[in-house]
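Trainee:
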Amino acid sequence: YSVMDKQGNGVAVTTTLNGSFGSKVLVPGAGFLLNNEMDDFTTHPGKPNLFGLIQGSANAVAPGKRPLSSMSPTVLMNEDGKVSAVLGTPGGPTIITNVFQVLIGLERLKLSPENSVTTAKVHHQCLPDLLYLERGIPQKTEETLRTFGHRTGRRGSIGDFQLLCQTQERGIVGVSDSRGGGDVSYTN
Numbered sequence: 759y760s761v762m763d764k765q766g767n768g769v770a771v772t773t774t775l776n777g778s779f780g781s782k783v784l785v786p787g788a789g790f791l792l793n794n795e796m797d798d799f800t801t802h803p804g805k806p807n808l809f810g811l812i813q814g815s816a817n818a819v820a821p822g823k824r825p826l827s828s829m830s831p832t833v834l835m836n837e838d839g840k841v842s843a844v845l846g847t848p849g850g851p852t853i854i855t856n857v858f859q860v861l862i863g864l865e866r867l868k869l870s871p872e873n874s875v876t877t878a879k880v881h882h883q884c885l886p887d888l889l890y891l892e893r894g895i896p897q898k899t900e901e902t903l904r905t906f907g908h909r910t911g912r913r914g915s916i917g918d919f920q921l922l923c924q925t926q927e928r929g930i931v932g933v934s935d936s937r938g939g940g941d942v943s944y945t946n
């Protein structure tokens, strides 16, 4: 989730169960599931994890270590040091590319917050060597990418983005990605 207030404070939080229903272990009497974040360590270097990420021995299980994670809750600050946006998304290895594409949309392409979130996304994670294209990327674009030697595949959706943005024209603008089940609530 992402939170901003009228005093200019902002918080971006990403949590995870990791896989569907996490470890599938329900805490007795508490009503919540434990995650299976241990899958983000490698127990077999060179073998893919749940998300197809191939890891090396540097990410082995050891005391005091944290597992590799793609979680990227993000707080943007303007040149005056004030919070200008808070954002994040679930999605395993697609998180980093999704956050990057929304940031490029906002900061470089000057898209509206809504268009930054809803524009069709792409994802590549090195291994497997496959460029995933979301629904909405034109077939012609895919064909052009293939002429450059890219292997492509289609995905229904990438991410479930949540964004709050401070704008000069509209105050705080909230966007909840229509790809997922989120919602947005704010007052200016």
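Sequential numbering from 759 applies to the sequence shown in this note's numbering. Here a beta-carbon is modelled for each residue, glycine too, at the ideal position from N, C-alpha and C. What you are looking at is a predicted structure, and each value in this text was computed from that prediction instead of being measured.
Should E892 go down as buried or exposed, given a rule of 16 or more other Cβ atoms within 10 Å for buried?
Mentor: buried
Trainee: Where does S934 sit, in a helix, a strand or coil, going by DSSP?
Mentor: strand
Trainee: Look at the alpha carbon of V875 and the alpha carbon of G929, and state the distance between them as a whole number of angstroms.
Mentor: 18 Å
Trainee: Taking the alpha-carbon of I853 as reference, which of S936, T772, D797 has the nearest alpha-carbon?
Mentor: T772
Trainee: Near L803, which residues of its chain fall below 7 Å by C-beta distance, leaving aside the five closest residues on each side in sequence?
Mentor: Correcting the residue type first, residue 803 is Pro in the shown sequence and not Leu. The beta carbon of P803 sits closer than 7 Å to the beta carbons of Q813, G814, S815 from its chain, once the five residues preceding and following it are set aside; these are given in chain order.
Trainee: For L888, list the residues DSSP reports as bridge partners.
Mentor: None, per the DSSP bridge assignment.
Trainee: Which runs of the alpha helix (DSSP H) fall wholly inside the stretch 804–890 and span at least 4 residues, in chain order?
Mentor: 852–861, 871–876
Trainee: By Cβ distance, which residues of its chain are closer than 8 Å to R937, with the 5 residues on each side in sequence left out?
Mentor: S915, I916, G917, D918, F919
Trainee: May I ask you to list the residues that DSSP assigns as paired with M796?
Mentor: According to DSSP, which records beta bridges pairwise, M796 is partnered with nothing at all.
Trainee: Can you tell me the Cβ-Cβ gap for P871 and L921, rounded? I've got them flagged as a contact below 8 Å.
Mentor: 6 Å
Trainee: I believe P825 touches D798 by the beta-carbon criterion, under 8 Å. Please report the beta-carbon distance rounded to the nearest angstrom.
Mentor: 3 Å
Trainee: How many whole angstroms separate the CB atoms of V844 and V769, which I take to be in contact at a CB cut-off of 8 Å?
Mentor: 6 Å
Trainee: Just to confirm the assignment, what range does the alpha helix (DSSP H) spanning L903 have?
Mentor: 897–905
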